[in-house]
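In this text, residue positions in the sequence shown follow the working numbering: the first is 36, and each later residue adds one.
Just so you know, even glycine gets a beta-carbon here, dropped at the ideal spot from N, CA and C.
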Amino acid sequence: MDSDTPPLLATVHIQRTGGTTLENLLVRHFGRAHRKISWKNGWDDVIAQVRDAGGDPATRSIRGHFPFSLRRLLPQDTRFATFFRDPVRRIVSHYDLFQQHPNVAGIYGLPAVPQGVSLEEAVGSGEYFLDNVMTRMLSDAPSPFEEPTREHLAQAIRNLETFDVVGLTERYEESLVLFQRTFDLPFVMQPRANATQRSGAAEIPASTIELIRDRNLLDLELYAAALARFDELVATASTDPAFTFDVDVLRAAARGVPRLADRDAAVAIRALVLQAEFEQYERRQETTKLKSKLERLERRMQKRGQPSLKAALRMRFAGSRKRR
Numbered sequence: 036m037d038s039d040t041p042p043l044l045a046t047v048h049i050q051r052t053g054g055t056t057l058e059n060l061l062v063r064h065f066g067r068a069h070r071k072i073s074w075k076n077g078w079d080d081v082i083a084q085v086r087d088a089g090g091d092p093a094t095r096s097i098r099g100h101f102p103f104s105l106r107r108l109l110p111q112d113t114r115f116a117t118f119f120r121d122p123v124r125r126i127v128s129h130y131d132l133f134q135q136h137p138n139v140a141g142i143y144g145l146p147a148v149p150q151g152v153s154l155e156e157a158v159g160s161g162e163y164f165l166d167n168v169m170t171r172m173l174s175d176a177p178s179p180f181e182e183p184t185r186e187h188l189a190q191a192i193r194n195l196e197t198f199d200v201v202g203l204t205e206r207y208e209e210s211l212v213l214f215q216r217t218f219d220l221p222f223v224m225q226p227r228a229n230a231t232q233r234s235g236a237a238e239i240p241a242s243t244i245e246l247i248r249d250r251n252l253l254d255l256e257l258y259a260a261a262l263a264r265f266d267e268l269v270a271t272a273s274t275d276p277a278f279t280f281d282v283d284v285l286r287a288a289a290r291g292v293p294r295l296a297d298r299d300a301a302v303a304i305r306a307l308v309l310q311a312e313f314e315q316y317e318r319r320q321e322t323t324k325l326k327s328k329l330e331r332l333e334r335r336m337q338k339r340g341q342p343s344l345k346a347a348l349r350m351r352f353a354g355s356r357k358r359r
């Protein structure tokens, strides 16, 4: 790779850990130089997509549900990031996603949880969720379908040291600032996306929690190791006062800039600027989408031999003036 070309950024997305938020952030920064790796056409296609991205010098960033073992298909200087989440909360969030959005498809070739199937039934059946999926994604196993063992867990824990960023969904603001600063991305507000709420407000039965834990014992150990790695990264980053300031700003922006004491005025002002910048970005996105829709409509009208949108509008306004 050319020494002037920045290393590829590869974000290994583990389901229900805040990946949609990172996707929005990466698209916002890299534009067409970012690629999302999709499972739509199965595992072999995932491999092909990663290989293609690794060989394309125009690609600066990739993110998706691809395991770390596919690093063999990427440039040697590729930098890696991933986010973790408490294994029990991650499974619950995944279940809630299916219940709140019935049209969401499953992944890894597994079906979505049908409406009416309880969380305990879904987990107990083994049909809808891969157990220990975080271990599967971070180990050196050739594919995520290989049954995880303690050796795979040991590999995954060792591989944590290879990641420039290990974030936690539960500590979102710190993780996002760490991600942005580590990879020299602009400091921007990126609200949590695709978050779910607990179905009803009912507490999860202790038996269901115990079942999830039993099915994800390796992930529980890996999560503890990821938490330790995250604390190390944050401790190092926090030696720079700007890191703590940015975290405070992001928290204030995310919460609507509550009334702050005078000593936090700088945080409040910066948070308000972040909010304004994000709102401006959102408006630009909406304008781009509208232009795209109008262009598609224009092409459709041309194929049908109809006048262009501009011509149609001119004729309509001309008719209006005549009637007056």
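Residue pairing of phenylalanine 118 in beta bridges, as defined by DSSP: Gly202. The beta carbon of aspartate 79 sits closer than 7 Å to none of the beta carbons in its chain outside the five residues before and after it. For alanine 45, the closest C-alpha among the options Val148, Thr56, His64 and Ile72 is that of Ile72.
CA-to-CA, the gap between threonine 271 and arginine 264 works out to about 11 Å.
For tyrosine 143, the closest C-alpha among the options Ala261, Ile49 and Glu156 is that of Ile49.
Given a length threshold of 4 residues, each whole run of the alpha helix (DSSP H) inside the segment 72-156 is given here in chain order: 78-89 and 122-135. In the three-state reduction of the DSSP assignment, leucine 220 falls in the coil class. Between the segment 168-175 and the segment 102-119, the count of Cβ pairs shorter than 8 Å is three or higher; the stretches touch.
A straight-line Cα-Cα distance of about 14 Å links glycine 159 and proline 149. Under the 10 Å beta carbon count, glycine 340 is surrounded by fewer than 16 other beta carbons and is classified as exposed. DSSP, reduced to helix, strand and coil, places histidine 69 within a strand of the structure shown. In the DSSP assignment, leucine 43 falls outside any alpha helix (DSSP H) and carries neither an H nor an E. Taking 8 Å as the upper bound for CB-CB distance, leucine 108 and glycine 89 are in contact here, some 5 Å apart.
Only buried fits arginine 51, as 16 or more other CB atoms lie within 10 angstroms of its CB. Collapsing the DSSP output to three states places glycine 159 in a helix. In summary, leucine 325 is exposed, with fewer than 16 beta-carbon neighbours lying within 10 Å of its beta-carbon over all protein chains present. Comparing alpha carbon positions, the residue from Ala93, Pro146 and Glu58 closest to lysine 75 is Pro146.
The beta carbon of valine 81 is closer than 7 Å to those of Ile72, Trp74 and Phe101 in its chain, skipping five residues each way along the sequence. Apart from sequence neighbours up to five positions away, the residues of its chain that approach arginine 114 with a beta-carbon distance below 6 Å are Pro42, Leu44 and Asp199, ordered along the chain. Here phenylalanine 164 is buried, its C-beta having at least 16 other C-beta atoms within 10 Å. Contact check for arginine 286 against threonine 204 fails: the beta carbons are separated by 9 Å or more.
In the three-state reduction of the DSSP assignment, leucine 211 falls in the helix class, which pools H, G and I. Per DSSP, reduced to three states, the secondary structure at serine 178 is coil, with no helix or strand assignment.
Isoleucine 247: member of the alpha helix (DSSP H) spanning 241-250, first to last residue. The straight-line gap separating the alpha-carbon atoms of glutamate 245 and alanine 277 is approximately 41 Å.
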